[in-house]
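Have a look at the structure below, then the notes.
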Amino acid sequence: MLLRHTTAKEIDRKALTINPAKTCQPVGAMYAALGIHGCLPHSHGSQGCCAYHRSALTRHFKEPVLASTSSFSEGSSVFGGASNLTQAIQTIFKVYNPDIIAVHTTCLSETIGDDLNSIVSKADEDGLIPEGKKVIYCNTPSYVGSHITGYSNQVAALVKFFSKSTSHKCNVINLVNGWMEPSDQREIKRIAKMMEIRTIMFPDMTDSLDTPLTGKYDMFPKGGVTQEDLTATGDSRFSIGIGPDCTENTCVKLDEKCHVKYDVVDIPIGLKATDRFIMSLSHHSGLPVPGCINDERGRLLDMVADNSKYLYGKRVALYGDPDTLVPLVEFLISLDMKPVYVITGSESNYFNKHMEKMLKNISGAKYKSGELADTFRLHQWIKQEGVDMIFGNTYAKYIARDEDIPLIRIGFPIADRPGHNFFPITGYVGATNLVIQILNAFLDKQDRTCEEEKVEFQM
Amino acid sequence: MEKKDTSKEIDLSTFKEEVLKAYPSKVAKKRSKAIVYNDPDSRPVIQANVRTIPGIITQRGCTYAGCKGVVLGPSRDILNITHGPIGCGFYSWLTRRNQTRPEGQDDPNFITYAFTTDMHEKNIVFGGEEKLKQAIREAYEIFHPKAIAIFSTCPVGLIGDDVHRVARQMMEEIGNGVIIFGFSCEGYRGVSQSAGHHIANNGLFKNLIGRDDTVEGKFPFRVNLLGEYNIGGDGFAIDDLFKRCGVQLVSTMSGNSTLQKFERAHTADLDLVMCHRSINYVASMLETAYGIPWISVNFIGAHTTVKSLRKIGEYFNDANLKARIEKVIAEEEVKVKKELEKVYPKTKDKLVMLFVGGSRAHHYQMLFNELGMRTITAGYEFGHRDDYEGRRVIPTIQIDADSRNIEEITVTKDPRYRLRKTPEEIEALEKEGLDFDNYEGMMADMTKGTLVIDDISQYEMEKLIEMYHPDIFCAGIKEKYVVQKMGIPLKQLHNYDSGGPYAGFEGAINFYKDIEQIVCCSIWKELKAPWEKDGECIEAEYVG
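These protein sequences, in sequence, are chains X and W.
When the letters of the first sequence are read in order and numbered with this note's numbering, they come out as residues 589 to 1047.
When the letters of the second sequence are read in order and numbered with this note's numbering, they come out as residues 1422 to 1965.
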């Protein structure tokens, strides 16, 4: 057994996290910064942080992930990292020449109390930031929140550094992206285009973390939201935050700064969350829902209706991020499946509130978020009473193999399969993809393991 | 990128000047010392193991990664707790491909687990020692390990948590013979992973090695294999060879290792050093304390495997052992030759660039040589000058502030010290070609005029590819897709992508096949669409 020490017997843990269901803030900030055009994320801390974050993101996307580091030494940890960051700014603009450097902190620079505002202002006063270039920054202490907090902080910083309101409002909707795959964002863009809505999407990882192979490498790919668009977000008529934990903060900040009203919706994963997302888009743009979207919805329903018997009553365990889990659990319930165990390592009232409501009629269902909500605990629950399927990142495969249950890979990181940055799980098309994945996992298992005489030609 | 004709001589001489142009003058000055042209007979001085310039995109990681990730990570029955915020423990969870094979279903294996104290703001403000203690209690209650190791991350040192004191206190509190020890391997110490290797070596020596004098094993020729981490099963391949030759492997540091093997390492009679950089400290300490001499070996490559096995035979100077070794070599060489004959025509004359690790950029050149491939440039991510120029330069290496703050432990003769060979025997063996306590470094095996670059930057890597169009580039995950977007395949030599083992004869054959696949892979020829190719106009074709 891979996880041979995991047993059904839980003790009341207070301090030891085992097999976490979250990681630290800076990786989220780095991911978000990759959705800005011409931007180099910069990690203000030890080299290891930058190396680990780049490796984690690279393994997941199988794409170049470039970022620089302040390369702290023991000296900088004692005397502060100002000179490291100042030197980094000079070196980066001379050697790599990005339009924007997006600095985020780490537990090291936060513990010693480096003040990014004064370091960057000083660098600017000293003429180290070339004309037309920008150094933006955000605080992402690793000992507060999780990777989604870091993502949220980086996205909120975009409002602080770019958004401006002129007296001229534009008929544009801001789509503030939560933590999704480039594929999910591309699908959302496609939906908005079908509805003929003018949008500014930020951050935008399409064409940034799903770039084609051409033989030419561009350190700053064509994707990512542009500075012009970021500036213009202050003049948009409305913002839709997609995924509360990752985007609400940004929507609030933009409203405060530029008076852009907002709606925060669940990530459109599954039928009902997509329904609500489409209605929000339609309502706030004042545009009707075109028939082609009804067709996509109808095709999803048709496929689910045809295969519902394979889904009914199936017990599922899930872990991941709150913004993904809430609509995903809702979708599974709408498929008549039973999400019985749900875990997120991130602290989240949004998660707790929705899980309480959604899971109250599912007997034996359990959920937990925040500190000590880890995959070891989830596995212990599975040992107590089994499930038919598990949803999670690549680490879930160790549980899946030990328990001989099918795994649907959703989350971060997915280091062992391609496809997640190509095939969306958002929108009706994404929901269809997801149902197909679920069905294939069940039916493949049945075909492989059932008695010979029970093998069905038609399923 | 369009392939250039690589049959003509490669002119590397303009590279250095060209690449340095892009840097600010101070940076250029510093980088110029890390980029040298090799001469194996008169090895140039290379700048290595110095700080990376902030803002330069480097391959390097941190001290924690070297200590927890590299050296202690591969051990399966020591429960490793990362003391810090959530990230460090998370990123070092199962990401290094060190395989392990517990002997029975009930034997402990913690490699699939990540343990962390997940420090929160209150722990940073008020101290994290109490949380660490509680975490250790819980780890013991749930897992009953024989040993627990604690790894410090950046904030731990800054806030003054004393992991060593906590270890002592908890060892006393728990009792039951459990060993608990800490590592001050905060990420900011040192300039790369290398500092972490050193700290880990010290910890192994102080806390584990020498605790158990039991001498076990059916063969009398007892060795330790140091600096072999069983990535992709390399250690298994070597282990298998040793069994067939009748060599007793006492411990491997640290691939597929267990607590007991560390504890008994001092009962071996010869230390074989694979990755010099990460483990040479333990080799030296074992010699000083217990009298075990060490030699460098390299099981990466069929020829070097032959040489390494023969060195072992020579050292023990036993006719039966030598005969068994020769028998294995003879059997294996037939298989190797057969495979190489198939692959060689496809690989010969291809160009390689190798930027990885602290020994692999050297060792893998031997495998590429067997394939007839030319390594025109190579360098380490975290090597020191001795890994390039050979150990003879160690006395001339200036100790800077970053190295000075890494503990050097004083090792003295242990009461169990036993001279394995008399000075006369050592002298005689040296005449036979055995080179004790030495590593000649990478430069000795690279031809004149090749480029050696330490701590290569992203920019330098791009420039190398742009100027010289290698057929294969070897580095790690962070470089992989950058290089591949340029149309050049990248083979990861930290973790082997999903390949391996590459050690020993079996490994060499695997490597030949994998490199054949890479250089023959068809997709790289399709990068241009038909309508993008020069001189091709689009013609309509109709189905007849």
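Using N, Cα and C, we set each Cβ at its ideal position, and we do this for glycine too.
Only a predicted model underlies this, so the values are computations on that prediction, with no experimental measurement involved.
- Apart from the 5 residues on each side of it in sequence, N895 (chain X) sits with its Cβ closer than 8 angstroms to the Cβ of V1023, L1027 in its chain, given in chain order.
- Approximately 28 angstroms separates the beta-carbon atoms of R1464 (chain W) and Q635 (chain X); this is outside 8 angstroms, ruling out the contact.
- Shown here, E1953 (chain W) sits in a helix according to DSSP, grouped into three states.
- In the structure shown, Y1609 (chain W) falls within a coil segment according to DSSP collapsed to helix, strand and coil.
- Runs of the alpha helix (DSSP H) lying entirely within the segment 1632-1696 of chain W, each at least 4 residues long, are 1655-1666, 1680-1684 in chain order.
- Its Cα nearest to that of G1617 (chain W), the residue W:G1490 stands out among W:M1867, W:D1807, W:G1490, W:M1863.
- Excluding the 5 residues flanking it on each side, L1662 (chain W) has same chain C-beta neighbours closer than 6 angstroms at G1925, in chain order.
- For V1457 (chain W), the enclosing beta strand (DSSP E) covers residues 1456-1458.
- Annotation: C1488 (chain W) to N1623 (chain W) spans about 10 angstroms, alpha carbon to alpha carbon.
- Going by DSSP, D851 (chain X) is part of the beta strand (DSSP E) stretching over 850-853.
- In the structure shown, Y983 (chain X) adopts coil according to DSSP, grouped into three states.
- Note on geometry: alpha-carbon atoms of E719 (chain X) and V747 (chain X) lie some 21 angstroms from one another.
- As computed with DSSP, T1479 (chain W) is found in a beta bridge with W:S1878.
- The Cβ neighbour count for T932 (chain X), taken over all protein chains shown within 10 Å, is at least 16; the residue is labelled buried.
- I996 (chain X) places its beta carbon 7 angstroms or farther from that of N981 (chain X).
- Contact with chain W is absent for I970 (chain X), since none of that chain's Cβ atoms lies less than 7 angstroms from the residue's Cβ.
- Under a 10 Å Cβ-count criterion, M589 (chain X) is classified as exposed, with fewer than 16 other Cβ atoms of the shown protein chains found around its own Cβ.
- In terms of Cβ geometry, A1568 (chain W) and L1493 (chain W) do not form a close pair [threshold 7 angstroms].
- For I996 (chain X), the uninterrupted beta strand (DSSP E) run begins and ends at 995-997, by DSSP.
- Comparing alpha carbon positions, the residue from X:V683, X:I700, X:Q675 closest to F667 (chain X) is X:I700.
- Per DSSP, reduced to three states, the secondary structure at V1940 (chain W) is helical.
- Taking 3 residues as the shortest admissible run, the segment 989-1043 of chain X contains the following complete beta strand (DSSP E) segments, listed from N- to C-terminal end: 995-997.
- Counting of Cβ neighbours within 10 angstroms places A596 (chain X) among the exposed residues, the total staying below 16.
- DSSP places I1563 (chain W) in the uninterrupted alpha helix (DSSP H) bounded by 1550-1564.
- Exposed is the label assigned to P1844 (chain W), since fewer than 16 other Cβ atoms lie within 10 Å of its Cβ.
- Assigned with DSSP and collapsed to three states, C834 (chain X) falls in helix.
- Contact annotation, M1674 (chain W) with I1721 (chain W): C-beta distance approximately 17 angstroms; criterion of less than 8 angstroms not satisfied.
- In the DSSP assignment, R1781 (chain W) falls outside any beta strand (DSSP E) and within the unbroken alpha helix (DSSP H) covering 1781-1791.
- DSSP links W1715 (chain W) through a beta bridge to W:D1692.
- In the DSSP assignment, L818 (chain X) falls within the alpha helix (DSSP H) that extends over 815-820.
- For L1500 (chain W), no alpha helix (DSSP H) encloses it; the enclosing beta strand (DSSP E) starts and ends at 1499-1504.
- Contact check for P1475 (chain W) and S734 (chain X): beta-carbon distance about 27 angstroms, past the 8 angstroms limit, so the pair fails to qualify.
- Here K597 (chain X) carries a coil assignment [DSSP, helix/strand/coil].
- Within chain X, no C-beta atom comes less than 8 angstroms from the C-beta of C1488 (chain W); the nearest is roughly 11 angstroms away.
- The contact set of V1584 (chain W) on chain X, defined by CB atoms closer than 9 angstroms, is empty, because the minimum CB distance reaches about 14 angstroms.
- Proximity of R1481 (chain W) to chain X, defined by a Cβ-Cβ separation below 7 angstroms, is satisfied.
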